[in-house]
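Since the structure comes first, as structure tokens, the remarks are kept for the end.
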Amino acid sequence: MRVAAISLAGLPVNQLSDYAAALTGLLDRLQVRLAVLPAHTSFFLCAAGGHVGETADFVESYRRFMQQSSEWNKRFLATHSDLARSSGIYLVAGTTVEQADGLFYHTAYCFGPDGEICCRQRQTHLTREERSLGLSRGVELHLFDMDGTKAGLIVGVDALHPEVARIFALQGADLIAHTGALLAGASVRLQPAGMWAQVQQNQFWAVESQLRGSICSRAFGGDCAVIGPCEVTPGSTGYLDRQDAERPFAAAELVEADRSRIRSEYPLLRLLHLDAYRVLPQLYMQDARPDSCNRPLACDMEGD
């Protein structure tokens, strides 16, 4: 399976029609089955199009975006549904703000080749800023079928919480798509502690998209990457491909036979004490305060 992570750098974003045309052209050149867009894709497009008003403050712009997200999402989701259908691919459309039952969630959507939503994943851990904005955390982690591959989505800072990736792995995930948006500067040094580390600990593939660009006064500067277990990557680096100055994306072919061989030779998940993991939901429940930001994760761990 050929996959790509796209940073949005260099794409026209002021008009949805221009953005869709440019992204279609890039997807045609890449010839992938799965493409992943970064976190804040929806907010980025909305702000670039002038729909949040005149302000240079990121937080104020995001608050305005939250209030109009339900209406904006009709256009945003329809655009990416059409892109997935016309390109005949699985498309992770980055993230948007989802409003449900009076609560707001930071949510990623994946569309299938038929243009239908095949997975919706809410971020399960929130930063202090995200909590102050009034976002609520999701409480479930979903797997979906992608041409026989068990896939899941990791949203934003969930990549830095190893229990999220481990729960996915214990449920049998073969591939994780990550929608990220790391701040430019020192924060990008954290990136290897996210999906790269989770892949090495859990032996799945990861397609990591990081936003490159500025929203209001805030710049984002992580690198897109396609990640695999070190043993099956060039130079044992853990990377099948990484974004560089010439390419605002990373793309690679995933050879499942290589990953299966490593899992057979060194079955990490079989070495775990699964009974210890089964008590995690109860521990989350004991520590949870009675508010939406601190509910426990729901999980169903199978083992391997």
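Under our numbering, think of the first position of the sequence shown as 595, with each following residue one higher. By construction, the Cβ of each residue, glycine as well, lies at the ideal position given by its N, Cα and C atoms.
Quick one: what does DSSP say residue i is sitting in, helix, strand or coil?
i, result
"Y699", "strand"
"M740", "strand"
"F798", "coil"
"C713", "strand"
"S811", "coil"
"I770", "strand"
"L639", "helix"
"Y860", "coil"
"R760", "helix"
"A780", "helix"
"E723", "helix"
"D601", "Sequence inspection shows Ser at residue 601; the Asp mentioned does not correspond to that position. Of the three classes helix, strand and coil, the one that applies to S601 here is coil, per DSSP."
"Q661", "helix"
"E648", "coil"
"E840", "coil"
For residue i, count neighbouring Cβ atoms within 10 angstroms of its own Cβ and tell me buried if that reaches 16, exposed if not.
i, result
"D612", "exposed"
"P632", "buried"
"D768", "buried"
"L868", "exposed"
"Y684", "buried"
"S726", "exposed"
"R872", "exposed"
"G732", "buried"
"A694", "exposed"
"T831", "exposed"
"A759", "buried"
"E724", "buried"
"Y665", "Correcting the residue identity first, residue 665 is Glu in this sequence and not Tyr. It counts as exposed."
Compute the distance between the beta-carbons of residue i and residue j, then report whether it is under 8 Å.
i, j, result
"R857", "Q797", "yes"
"R853", "W799", "yes"
"A778", "A745", "no"
"H700", "G774", "no"
"Q794", "P756", "no"
"S636", "T721", "no"
"G807", "A603", "yes"
"D741", "G709", "no"
"L764", "L834", "no"
"R596", "A845", "yes"
"G728", "F762", "no"
"L805", "S663", "no"
"L605", "L617", "yes"
Note down the Cα distance separating residue i from residue j, rounded to an integer number of angstroms.
i, j, result
"S730", "R657", "14 Å"
"P823", "A771", "15 Å"
"A598", "C810", "27 Å"
"D622", "A753", "29 Å"
"V826", "L848", "10 Å"
"T673", "L628", "17 Å"
"T718", "A641", "25 Å"
"L639", "S681", "20 Å"
"F659", "P786", "30 Å"
"C893", "E648", "Bear in mind that the predicted position of C893 carries a pLDDT of just 44, short of 50, making it unreliable; the figure below should be weighed with that in mind. Each residue's Cα considered, the two are about 43 Å apart."
"A851", "R679", "29 Å"
"H634", "V626", "22 Å"
"L610", "V782", "28 Å"
"L865", "R855", "17 Å"
"P861", "E734", "26 Å"
"A870", "G766", "18 Å"
"L839", "P828", "Checking the displayed sequence, the identity of residue 839 turns out to be Ala instead of Leu. Their Cα atoms are separated by approximately 20 Å."
Note down, in chain order, each residue of its chain lying with its Cβ closer than 6 Å to the Cβ of residue i, except the 5 sequence neighbours on either side.
i, result
"C712", "C704, G706, F738"
"N667", "T690"
"T743", "D768, L769"
"V630", "A599, V686, A771, V801, S803"
"E692", "Y699, T701"
"A650", "C810, S811"
Can you give me the Cβ contacts of residue i inside the same chain, cut-off strictly under 7 Å, excluding the 5 residues immediately before and after it?
i, result
"E802", "A599, H772, G774, M789, C818, A819, I821"
"N608", "A642, G643"
"F652", "I809, C810, S811, R812"
"V562", "Given a span of 595 to 898 for the chain in the structure shown, any question on residue 562 remains unanswerable."
Whose C-beta lies closer than 8 Å to the C-beta of residue i among residues of the same chain, with five residues either side of it excluded?
i, result
"L747", "V686, A702, C704, C713, Q715, H736, I770, A771, H772, T773"
"L784", "L754, L776"
"A614", "T673, D676, L677"
"F843", "A598, A599, I600, S601, L620, L624, C818, Q837"
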